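Engineer: Numbering (this note's numbering), first residue to last: 86 to 215. In this text, a Cβ means the ideal position worked out from N, Cα and C, and glycines have one as well. Computed from a prediction, not measured in an experiment: that's the story for all the values here.
Written out as structure tokens, the structure is:
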């Protein structure tokens, strides 16, 4: 299974964007992907299911949207799994979060973008990676 995991890290749960256009557009492309999204305010069972998907996936694309002020303690088990199993993972970060960037900087395929990637760029990254 190929997994596209979209993670939002926001300061407040009210800032979480539902019906995200990036996810909708990727679904429209009919790529060979299981698509799942979570945020740092998600319930434990939702994050637990994301961990299950990570464990089962052969290739993983993480698209993380964040800002500088946001913390992510609920996501630590998920991120620890990613750090412990770096093979077959592509990570894209939209925005800046120094703690997250430092944590994930061990990946050679780690990309940070201060501006939003266009869907075409994300699709190219996915296609090249898969």
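Output yes or no for whether 8 Å exceeds the beta carbon distance between residue 166 and residue 136.
Structural biologist: A contact, by the Cβ cut-off of 8 Å.
Engineer: Report the rounded CA-to-CA distance for residue 86 versus residue 157, giving the unit in angstroms.
Structural biologist: If you take the alpha carbons of residue 86 and residue 157, they lie about 26 Å apart.
Engineer: Quick check: what's the CA-CA separation for residue 182 versus residue 122?
Structural biologist: In a straight line, the C-alpha of residue 182 is about 19 Å away from that of residue 122.
Engineer: By Cβ distance below 7 Å, which residues in the same chain neighbour residue 214 in space, the five residues on each side in sequence not counted?
Structural biologist: 144, 146 and 175.
Engineer: Would residue 107 and residue 138 qualify as a contact pair, given that the criterion is a beta-carbon distance under 8 Å?
Structural biologist: No, these two residues do not count as a Cβ contact at 8 Å.
Engineer: What is the DSSP secondary structure of residue 157, reduced to helix, strand or coil?
Structural biologist: Coil, per DSSP.
Engineer: Residue 89 to residue 177, Cα distance in whole Å?
Structural biologist: Near 11 Å, if we compare the C-alpha coordinates of residue 177 and residue 89.
Engineer: On the criterion of 16 or more Cβ atoms from any shown chain inside 10 Å, does residue 212 qualify as buried, or is it exposed?
Structural biologist: So residue 212 counts as exposed.
Engineer: Pull the bridge partners of residue 124 from the DSSP assignment, please.
Structural biologist: Note: residue 124 sits in a beta bridge opposite 93.
Engineer: Which residue's Cα is closest to the Cα of residue 131: 180, 160 and 104?
Structural biologist: For residue 131, the nearest C-alpha among the options comes from 160.
Engineer: If you check the beta carbons only, do residue 180 and residue 150 fall under 8 Å apart?
Structural biologist: Yes, the pair counts as a contact, with Cβ atoms nearer than the cut-off.
Engineer: Within 10 angstroms of the Cβ of residue 191, are there 16 or more other Cβ atoms? Answer buried if so, exposed if not.
Structural biologist: By the neighbour-count rule (16 or more Cβ atoms within 10 Å), residue 191 is not buried but exposed.
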